[in-house]
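J.: Take a look at the following structure, please.
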Amino acid sequence: MRYLVTGGAGFIGSNLIKRLLEEKHSIICIDNFSSGNRLNISNFLTHPEFKLIDHDITQVIDIETDGIWHLACPASPKYYGRNPIETSKINFIGTYNLLELARKNKSPIIFASTSEIYGNPEVHPQNEIYNGSVNTNDSRSCYKEGKRIAESLCFDYKRIHNMNIKIARIFNTYGPNMMPDDGRVISNFVTSAILKKPLFVNGDGNQTRSFCYVEDLIDALILLFNSSTNDPINLGNPKEEYSINQIAEKIIKKVNSNSKIQNINIKLDEPLRRKPCIKKAKLLLNWEPKYTIDIGLDYTIKYLRKIINNE
Ligand code: UDP
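Each residue of the sequence shown is one higher than the one before, starting from 843 at the first, in the numbering used here.
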């Protein structure tokens, strides 16, 4: 198949392209490198079935494709917080452009949505019928409300044009190709532990996240894309829920570092507990994560050591 992947130089996009190339597909990767990393796609540049287009998806693009994997959007609070208006534009105008392209090509499209659409959830774990507890006016609103309007567009295109549209609600994911300075908790903590710097825990550190290894997520995205369902599906690892304090301690131990944990008292515009209910993914995709946090962290630490030490 000739696939288009938006955000292909990002953390998840580049892991997805690696797998799709292994599966013998042709890939057109679109990225404008606002938060993507050229290093993530450097190995693909000489691949005969890989083509890179440096393009901002808020501008219209015309490409022939058999399927669209729409992942483009800064995903770390550090990045979208720097550019909130652009983040809203990418989600609304960018997703609109990609849905129009899918319509023109009569192709399927999968949209990378997020657990952030549930906001600071009042139910735990979060299942797909929960409508969320979301706020239009905080530092994360551009991302969570952006993803919500993008989902809403997807549902309307499906209803009005009867298109094949998949929505993956992706929970916290980690693994190789995260940038050491991307601002997310696993990459920040592993990098600090390797460099023997303090690990800064926001707030009291009792907030939780559930961590899914990227290879598991890629399996799920491919299963979802090839499935017959058009329901939104949670993708994440409910077995690996930890407080941020626990994850800091675990990483210091695994890296064998003498770094110390420092709590910073800041106001958190963020969910205090997050864990996916993945019953739907199990039922409809026959998927559940295989990687434990211990194994996933080992691979991630190995990768980040290599990047940090320039090996
Ligand atoms: N966090 C932290 N120190 C860091 C980076 C993140 O304490 O250096 C916390 C952050 O406040 C949040 C959790 O770790 O409670 C997960 O943050 P991340 O940005 O990885 O994901 P998200 O908050 O979007 O789920």
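Glycine included, every Cβ here is placed at the ideal spot set by N, Cα and C. Note that the structure is a prediction, hence the values are computed from the model and not measured.
#1: Any heavy atom of the ligand UDP closer than 8 Å to the CB of residue 916?
#2: If the criterion is Cβ atoms closer than 9 Å, does the pair residue 1003 and residue 945 meet it?
#3: Here's the rule I'm using: 16 or more other beta-carbon atoms within 10 Å means buried, otherwise exposed. How should residue 904 be labelled?
#4: According to the neighbour-count rule (16 or more other Cβ atoms, all chains shown, within 10 Å of its Cβ), is residue 1122 buried or exposed?
#5: Do the CB positions of residue 1142 and residue 1028 come within less than 9 Å of each other?
#6: Would DSSP call residue 1163 helix, strand or coil?
#7: With DSSP collapsed to three states, give me the class of residue 1018.
#8: Could you give the C-beta distance for residue 913 and residue 854, rounded to a whole number, given that I count them as a contact under 8 Å?
#9: Would the C-beta of residue 1014 count as close to the ligand NAP, meaning under 8 Å from any of its heavy atoms?
#10: Within the continuous alpha helix (DSSP H) that includes residue 1139, where are the two ends?
#11: Which runs of the alpha helix (DSSP H) spanning at least 4 residues fall entirely within the segment 900 to 930, listed in chain order?
#12: Judging by CA-CA distance, which residue of 871, 1140, 862 is the nearest neighbour of residue 847?
#13: Which same chain residues end up closer than 8 Å to residue 891 when comparing Cβ atoms and leaving out the 5 residues on each side of it in sequence?
#14: So, residue 918 versus residue 882, is the Cβ gap smaller than 9 Å?
#15: In the DSSP assignment, find the unbroken alpha helix (DSSP H) run with residue 983 in it and report its ends.
T.: With the given structure in hand:
#1: Here residue 916 refers to the residue found at position 74 when the sequence shown is read from its first residue. Checking the Cβ of residue 916 against the ligand UDP gives no.
#2: One-based indexing of the sequence shown puts residue 1003 at position 161. One-based indexing of the sequence shown puts residue 945 at position 103. Contact flag set, yes.
#3: One-based indexing of the sequence shown puts residue 904 at position 62. So residue 904 ends up on the exposed side.
#4: Position 280 of the sequence shown, counted from the start, is the residue given in the question as residue 1122. By the neighbour-count rule (16 or more Cβ atoms within 10 Å), residue 1122 is buried.
#5: Position 300 of the sequence shown, counted from the first residue, corresponds to residue 1142. Position 186 of the sequence shown, counted from the first residue, corresponds to residue 1028. Yes. Within cutoff.
#6: As shown, the chain starts at 843 and ends at 1153. That puts residue 1163 outside it, with no answer to give.
#7: As a working note, residue 1018 is residue 176 in the sequence shown. Correct three-state label for residue 1018: coil.
#8: Here the question's residue 913 lines up with position 71 in the sequence shown. Here the question's residue 854 lines up with position 12 in the sequence shown. Right, the Cβ-Cβ distance comes to about 6 Å (below 8 Å), so this counts as a contact.
#9: You won't find the ligand NAP in this model; what it holds is the ligand UDP.
#10: Reading the sequence shown from its first residue, position 297 is the one you call residue 1139. Element bounds for residue 1139: 1135 to 1150.
#11: 919 to 924
#12: The residue you call residue 847 lines up with position 5 of the sequence shown. Of the candidates 871, 1140, 862, the one whose C-alpha sits nearest the C-alpha of residue 847 is 871.
#13: To locate residue 891, count along the sequence shown from 1; it is residue 49. Cβ within range, chain order: 863, 866, 867, 868, 869.
#14: The residue given as residue 918 occupies position 76 in the sequence shown. The residue given as residue 882 occupies position 40 in the sequence shown. Result no, Cβ atoms of residue 918 and residue 882 do not sit closer than 9 Å.
#15: Counted from its first residue, the sequence shown places residue 983 at position 141. That run of the alpha helix (DSSP H) goes 983 to 1003.
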